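Report on one structure; see the data block that follows.
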Amino acid sequence: MIWGKRKRRGQAGFTMVELMVAIAISMLIVVGSLVFLRYMVTMADENRDKTMATLQVQYVGFWISEDVVQAQTIEFEAELEEQPEPQHGFPLRLTWEEWGGSRSETITYYVEDMEDEELWRLLRTEEVYEGGELISTATSLVAEYLVPWSEAEATGTRGCRMVYDAEYDTMKSLVIEVAARADRSEASGTYEIYPRAVVDWLPQNVDAQYIGPECPVS
């Protein structure tokens with residue numbers, strides 16, 4: 567009598583159908599993981615771009631606000647040597663003198679086109695005078711990726727403007743509307759800044775697009 571070993575059911579190999587099913591499940595897991603990974607990378611990029619755009623808007627509001635509240639003179643579209651042509655309120659020049667001292671400061675904000683981008687960067691030049699003589703000057707970058715006024719209709723951005731108080735016939739506040747774009751993400755903000763009570767606004771005949779009831783604060 568020949569005794570043979572009979573394979574138990576648990577010791578049997580995989581059938582072709584089982585292998586195909588296993589491969590299909592593995593492929594689904596791999597594809598799903600790749601899709602999820604791509605989604606996470608895309609979301610990370612979008613969040614990074616959104617954060618970048620938001621920071622640019624906040625930089626503009628913070629720096630100009632800090633200087634405007636100290637200014638004794640606020641001048642729109644100031645004429646500057648070797649600087650870009652006036653654009654929608656820029657260059658913005660702010661001046662003040664130290665109380666009881668001989669030192670004064672002039673802060674100028676101006677925009678210039680970014681290289682390879684149809685966007686603006688905002689720069690800030692600080693000049694310090696002692697007894698009427700210039701003793702120091704420094705220029706720093708405030709923000710980049712700012713959307714120009716020419717794209718206002720498409721992006722909802724605005725330029726720099728003054729709000730006119732019709733009741734008292736005086737300029738009362740500075741409104742800055744700014745938008746920034748980083749890749750496919752955008753951010754925008756509106757800042758209304760109230761300077762000190764005694765301040766000279768220049769020029770006195772500001773273009774109508776910057777003042778008047780037709781330009782309410784948004």
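Residue numbers for the sequence shown follow this note's numbering, beginning at 567 and rising by one.
For each residue, glycine too, the CB sits at the ideal point set by N, CA and C.
All values derive from a computational prediction rather than experimental measurement.
CB contact check: residue i to chain B, cutoff 8 Å
i	result
Leu-621	Here there is only one protein chain, and chain B is not present.
Residue i, DSSP secondary structure in three states
i	result
Gly-755	strand
Glu-643	coil
Tyr-625	helix
Ser-670	strand
Glu-664	coil
Thr-691	strand
Val-696	One point to set straight first is that residue 696 is Glu, not Val, in the sequence displayed. In the structure shown, Glu-696 sits in a strand (DSSP, three-state: E or B).
Burial state of residue i (16 or more Cβ within 10 Å)
i	result
Gly-667	exposed
Glu-743	buried
Val-634	buried
Asp-766	exposed
Gly-725	Residue placement at Gly-725 cannot be trusted, given a pLDDT of 46 that sits under 50; what the coordinates show is reported in the next sentence. Gly-725 should be labelled buried.
Thr-703	exposed
Trp-715	buried
Tyr-676	buried
Val-583	exposed
Gly-655	buried
Ala-644	buried
Ile-630	buried
Ala-590	exposed
Val-601	exposed
Val-741	buried
Leu-581	Here the sequence assigns Thr to residue 581, which means Leu is not the residue at that position. Exposed: under 16 other Cβ atoms inside 10 Å.
Val-596	exposed
Contact test: residue i Cβ vs the ligand MN heavy atom, cutoff 7 Å
i	result
Leu-646	In the structure shown, the ligand MN is absent, as is every other ligand, since no ligand is present at all.
Cut-off 7 Å between Cβ atoms - residues of its own chain near residue i, not counting five sequence neighbours on either side
i	result
Met-593	none
Tyr-734	Unreliable positioning characterises Tyr-734 in this predicted model, as indicated by a pLDDT of 45, which lies under 50. A coordinate reading is not provided.
Arg-604	none
Asp-679	Trp-686
Asp-749	Asp-615
Ser-739	Val-729, Glu-758, Ile-759 and Tyr-760
Gln-636	Trp-662
Leu-688	Val-626, Tyr-675, Val-677, Val-708, Ala-709 and Leu-712
Residues bridged to residue i [DSSP beta-bridge criterion]
i	result
Ala-748	Ser-751
Asp-766	Thr-639
Asp-679	Trp-686
Glu-584	Partner(s): none; Glu-584 has no beta bridge.
Leu-658	Tyr-675
6 Å CB neighbourhood of residue i in its chain, flanking five on each side removed
i	result
Val-623	Val-744, Ala-746, Ala-753 and Gly-755
Glu-663	Ser-670
Glu-641	Arg-659 and Leu-768
Thr-672	Thr-661 and Glu-693
Gly-697	Ser-668
Leu-646	Pro-657
Met-618	Ala-748
Residue range of the beta strand (DSSP E) that includes residue i
i	result
Ser-702	699 to 712
Close beta carbons around residue i, own chain, < 8 Å, minus the five adjacent residues each side
i	result
Gln-638	Thr-661, Trp-662, Glu-663, Arg-762, Val-764, Val-765 and Asp-766
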